[in-house]
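In our numbering, the protein residues as written are 8 to 212.
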């Protein structure tokens with residue numbers, strides 16, 4: 008049975024339908040919460056609350072909206088509510104810098120694939136902590152969960168173009184952040200070449 012049929016049965020009180028939907032979507036919802044929140048102890052709480060609210064509040068799954076869209080939106084909303092910025096664990100000098108013209112200072116070398124490397128998941132999550140909430144959500148949906156752009160737009164109630172822009176901006180910011188971290192780890196001290204890239208508004212503090 009598809010999600011929407013199960014959701015209708017769940018709201019009629021069928022516990023088996025609730026269990027099936029939870030099994031089907033738990034991992035993705037938990038990942039979304041885990042990448043939206045700096046405190047990983049809260050990620051499971053948010054995932055649990057997401058499913059409980061989906062069960063208790065049929066209004067979160069309107070008839071004209073796919074269950075998955077409503078569920079992911081709820082997970083993001085609850086994550087944003089729970090989010091409390093943590094103190095940066097890296098020196099300020101390792102965060103992406105901007106020149107006098109407001110443009111990113113980009114490390115030397117080819118860092119284009121860094122934002123998608125799974126072995127840097129912890130560092131990516133740390134970088135996401137410095138990104139504005141909706142930019143972070145767009146990146147998590149598109150680049151981590153690989154949600155189709157139209158579906159991601161429905162989840163965040165925006166346009167596909169804005170989803171692309173937000174995800175690309177975050178990817179660029181993370182690329183610079185990871186490049187600076189790796190450069191520092193390799194003992195590179197002079198990471199200051201400048202290129203003509205517009206600074207993401209959401210990354211300025």
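Every residue gets a Cβ at the ideal spot worked out from N, C-alpha and C, and that includes glycine.
{"Query": "Spatial neighbours of residue 166 in its chain, beta-carbon cut-off 7 angstroms, leaving aside the 5 residues before and after", "Result": "160"}
{"Query": "Residue 19 versus residue 30: straight-line alpha-carbon distance, rounded", "Result": "19 angstroms"}
{"Query": "DSSP three-state assignment for residue 22, whether helix, strand or coil", "Result": "helix"}
{"Query": "Assigned secondary structure, residue 76 (DSSP; H/G/I helix, E/B strand, else coil)", "Result": "helix"}
{"Query": "Residue 37 versus residue 21: straight-line alpha-carbon distance, rounded", "Result": "23 angstroms"}
{"Query": "Residue range of the unbroken alpha helix (DSSP H) whose run includes residue 156", "Result": "156–163"}
{"Query": "Contact the segment 51–60 vs the segment 128–141: 3+ CB pairs below 8 angstroms", "Result": "no"}
{"Query": "Validate contact between the segment 147–160 and the segment 169–176 using beta carbons, cut 8 angstroms, 3 pairs", "Result": "yes"}
{"Query": "Nearest-angstrom Cα separation, counted from residue 17 out to residue 50", "Result": "24 angstroms"}
{"Query": "N-terminal and C-terminal residue of the alpha helix (DSSP H) that residue 131 is part of", "Result": "128–135"}
{"Query": "Beta-carbon spacing of residue 174, residue 145 below 7 angstroms", "Result": "yes"}
{"Query": "Contact set for residue 47: own chain, Cβ-Cβ below 7 angstroms, skip 5 residues either direction", "Result": "41"}
{"Query": "Contact check, residue 80 vs residue 162, beta carbons under 7 angstroms", "Result": "yes"}
{"Query": "For residue 153, three-class secondary structure by DSSP", "Result": "coil"}
{"Query": "Distance, residue 142 Cα to residue 11 Cα", "Result": "28 angstroms"}
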